[in-house]
Ligand SMILES: [Mg+2]
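Numbering (this note's numbering), first residue to last: 27 to 344.
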């Protein structure tokens, strides 16, 4: 199964060069262009830190001797910030003495290359740092992916959902969440066997991935239950997306049981603007809507809008 961009993938690496010398930028850009990576540039420390926070590069090549803010200070700042602390940093420096190297490694650099550098050697070191970074990324993603469906797992959802709720509240943005539960799943398992049940879960995962936009986050919540985070999405738009998912599943023919359709019930809770409901309260509403959908005949969506709050709007305006 190919995963789309809304789901776990290893992206093309970005290398950020932080150096006050335009010559270094020109040389490295020209020589790294042939590698399979994107290059970003910053000509001083503060700009480098800002780009690192925004673009999350896979690797930073950092000069030590720079005006405004030296490389040690940049490195210290990067390592203190949770969003940049895990980005590997290779120091590129004209400083040759052992104490400079020791300080750089103590601050968390993974490698130290002295200027003038041999470009072939630097490329090898860049490649090796990127390979290591990709392995670490793969391992940490694997721990967050559900093995059967290929979607994000519950652990990932729990963290991500809390983040999205506070982001939505902070910026006064629309947000919706859906809990989706396959109808009569036990009877599919009992009638056609567990492989048919697994196929239903995998088929549903594919439908979710196909329907999702890049900003949506599709997760397997557990058993036959899925959860979908829709950022910047008001409940009325969430309803449209969920209806597409519901109809697509209902229209699917299953090779293991061609005359038995699989359907899903969906509970949605959303807010068109700032909302101060807690992550749990939000899920509770979606779950109650799911319960109502099940009770009123299944294969349907029940959606409700959480009240927007004025404090949130003021906070967003300020
Ligand atoms: Mg310099």
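Quick reminder that beta carbons are idealized off the backbone N, C-alpha and C, glycines included. Please read all numbers here as calculations on a predicted model, not as lab measurements.
- Segment contact: the region 43–52 against the region 88–101, three or more CB-CB distances shorter than 8 Å; contact assigned.
- The C-beta distance from residue 268 to residue 182 rounds to 21 Å, too long to fall under 8 Å, and the pair is not in contact.
- The beta carbons of residue 300 and residue 334 sit closer together than 7 Å.
- Taking a cut-off of 8 Å for Cβ pairs, the region 235–255 and the region 268–285 touch, as three or more such pairs fall below it.
- Looking at the backbone, the Cα of residue 216 and that of residue 104 are separated by about 54 Å.
- In the three-state reduction of the DSSP assignment, residue 189 falls in the helix class.
- Here residue 39 is buried, its C-beta having at least 16 other C-beta atoms within 10 Å.
- Approximately 10 Å separates the beta-carbon atoms of residue 87 and residue 97; this is outside 8 Å, ruling out the contact.
- For residue 246, the uninterrupted beta strand (DSSP E) segment begins and ends at 242–248.
- Around residue 312, the same chain offers 203, 204, 205, 293, 294 and 295 as residues with beta carbons nearer than 7 Å, after the five sequence neighbours per side are excluded.
- Around residue 57, the same chain offers 145 as residues with beta carbons nearer than 6 Å, after the five sequence neighbours per side are excluded.
- Per DSSP, residue 158 is one residue of the alpha helix (DSSP H) stretching across 145–168.
- For the 7 Å CB-CB criterion, residue 319 and residue 260 do not form a contact.
- Between residue 324 and residue 209 the beta-carbon gap is near 4 Å, inside 8 Å, which marks them as a contact.
- Residue range 211–218 is occupied by the alpha helix (DSSP H) that includes residue 213.
- Burial state of residue 284 is exposed, judged by a 10 Å Cβ sphere holding fewer than 16 other Cβ atoms.
- Closest in alpha carbon position to residue 175, among 247, 99 and 332, is 247.
- Here residue 161 is not near residue 85, since their CB atoms are 7 Å or more apart.
- Residue 277 and residue 305 have their C-alpha atoms roughly 33 Å apart.
- Distances from the alpha-carbon of residue 193 to those of 125, 297 and 250 put 297 closest.
- Per DSSP, residue 331 is one residue of the beta strand (DSSP E) stretching across 327–331.
- In this chain, the beta strand (DSSP E) harbouring residue 89 covers 85–89.
- 7 Å or more divides the Cβ of residue 139 from the Cβ of residue 165.
- Closest in alpha carbon position to residue 288, among 177, 148, 327 and 226, is 226.
- At least one heavy atom of ligand 1 sits closer than 6 Å to the Cβ of residue 46.
- In this structure, the C-beta of residue 89 approaches ligand 1 to less than 6 Å from one of its heavy atoms.
- Taken in chain order, the unbroken stretches of beta strand (DSSP E) that lie wholly in the region 85–126 and span 3 residues or more are 85–89 and 115–119.
- Non-local C-beta neighbours of residue 213 in its own chain, meaning closer than 7 Å and more than five positions away in sequence, are absent.
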